[in-house]
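My numbering numbers the first residue of the sequence shown as 1 and each following residue consecutively. The C-beta atom is built at its ideal place from N, Cα and C for all residues, glycine as well. Owing to the predicted nature of the structure, the values given are computational and were not obtained by experimental measurement. Notes follow once the structure below has been shown.
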Amino acid sequence: MWLHKWMEQQNIKEMVDAKDYHCTVVYSTTSVPEVKDISIDLPMKTSFKEWKVFGDDKMLVATLNAPEAVKLFDQTIKAGAVSDYPSYVPHISLALHYEGELPEKEPKFSIWFEKFKVAPLDEDFQYNDE
């Protein structure tokens with residue numbers, strides 16, 4: 001994976017395992033099975049927007065320029081999904097327990113999503129670091 005290799009070159013510590021890379025569209029506490037029937041054009045091309053650190057776990061994320069993901073989020077909400085977050089920020093979680101300044105460099109390549117998966121909440125989900 002280009003992104004994982006790029007992160008290694010930046011000497012980022014506690015990186016998330018590349019097999020766990022994904023962009024969550026909605027983390028809904030309400031089950032909405034019909035979301036799986038929403039039409040989406042794949043693959044979906046996105047690009048890096050900015051670095052952020054999310055949550056108490058200090059997760060380093062790459063936020064994305066992903067208008068199709070935002071559109072998909074809006075469709076899931078209209079279908080009845082419920083989000084606990086005040087706004088949707090398309091992103092990929094990349095490193096756990098991130099300390100220090102945000103990386104200076106930015107990935108300069110496109111990031112593609114090839115699958116759309118609808119699954120029940122896994123409240124026990126944890127990222128694996130390498």
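Less than 7 angstroms between the C-beta atoms of residue i and residue j, yes or no?
| i | j | result |
| --- | --- | --- |
| residue 49 | residue 63 | yes |
| residue 79 | residue 35 | yes |
| residue 77 | residue 21 | no |
| residue 23 | residue 81 | no |
| residue 43 | residue 114 | yes |
| residue 95 | residue 15 | yes |
| residue 60 | residue 85 | no |
| residue 10 | residue 103 | yes |
| residue 26 | residue 83 | yes |
| residue 40 | residue 116 | yes |
According to DSSP, what are the bridge partners of residue i?
| i | result |
| --- | --- |
| residue 44 | 113 |
| residue 15 | 95 |
| residue 63 | 50 and 91 |
| residue 31 | Answer by DSSP bridge pairing: none, since residue 31 is not bridged. |
| residue 83 | 28 |
Which of the three DSSP states, helix, strand or coil, is assigned to residue i?
| i | result |
| --- | --- |
| residue 22 | coil |
| residue 77 | helix |
| residue 50 | strand |
| residue 121 | coil |
| residue 36 | helix |
Go ahead and label residue i buried or exposed: buried means 16 or more other beta carbons lie within 10 angstroms of its beta carbon, across all protein chains shown.
| i | result |
| --- | --- |
| residue 73 | buried |
Have a look at the options and flag the residue whose alpha-carbon is nearest the alpha-carbon of residue i.
| i | options | result |
| --- | --- | --- |
| residue 3 | 57, 55, 40 and 109 | 109 |
| residue 123 | 71, 28, 7 and 116 | 28 |
| residue 46 | 116, 117, 121 and 112 | 112 |
| residue 71 | 56, 7 and 38 | 38 |
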